[in-house]
Amino acid sequence: MSQVGDYSDKVMDHFMNPRNVGEIDGASGVGTVGNAVCGDIMRMYLDIDKGGVIRDAKFKTFGCGAAVATSSMATELVRGKTTDEALAVTNKAVMEALDGLPPVKVHCSLLAEEAIHAALWDYAQKNNITIEGLKPPVTDINETKEFYEMQDV
C-alpha cells in the first residue's frame with residue numbers, strides 16, 4: 013500500500029478527485045449526519061428505483077480530507093446495490109475500500125456509514141416501508157456506541 017503521509021493513495025485520490033459530489037433533485041432519500049467534536053457534516057442523497065436498487069448516490073460534505081474521501085467511497089460502494097445491500101455497507105468496508113485511515117480519522121468512516129443509514133431511513137419513511145435492520149438515524153455520530161468503541165483504536 014502506497015502512502016502520502018498517513019493517508020493511502022486511494023484516500024488521497026478520493027479527496028483530490030471525489031466521485032459523485034452534488035445533490036440529487038427529488039432524491040428518494042436524503043440523510044445528514046455530523047460530528048460535533050470535529051465539525052464534519054455529511055449529507056448523502058440516494059436515487060432508488062421501484063425495485064429498491066440505488067441508481068445514483070451523491071454527497072455534500074463539509075469537513076476534512078478524510079471526510080470527503082469516505083463520502084466519495086461510500087457513494088461508490090452503494091451505487092447499484094439494493095437497499096438491504098447498502099445497509100450492510102459498514103464503516104469498516106469504507107475504510108478497507110480506501111486501504112485504511114489513520115486512527116484519528118476512523119470516525120470519518122462512521123460518518124459515511126451513518127449518512128447512508130440516514131438516507132435509507134428517509135427513503136423508508138417517505139415510502140412507508142421497513143428495511144430490515146435499519147434503525148432511526150442519529151444526527152451526531154457521537155450518539156453511537158461505535159464512536160466510543162473507536163476511541164480505543
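For the sequence shown, this note's numbering begins at 13 and goes up steadily by one.
The C-beta atom is built at its ideal place from N, Cα and C for all residues, glycine as well.
- Taking C-beta separations shorter than 6 Å and ignoring five residues to either side along the sequence, the partners of K22 in its chain run L110, D111, following chain order.
- Close CB contacts of S84 within its chain, under the 6 Å cut and outside five residues either way in sequence, are with H26, P30, R31 (chain order).
- Assignment of L89 by DSSP, reduced to helix, strand and coil, places it in the helix class.
- With fewer than 16 other beta carbons inside 10 angstroms of its own, T142 counts as exposed.
- Annotation: the continuous beta strand (DSSP E) that includes I60 extends over 53-60.
- Y19 and K62 have their alpha carbons spaced roughly 39 Å apart.
- Within the same chain, Cβ atoms closer than 6 Å to the Cβ of Y57 are found at E35, I36, A39, V42, K70, the five residues on either side in sequence being excluded.
- In the DSSP assignment, I128 falls outside any beta strand (DSSP E) and within the unbroken alpha helix (DSSP H) covering 118-139.
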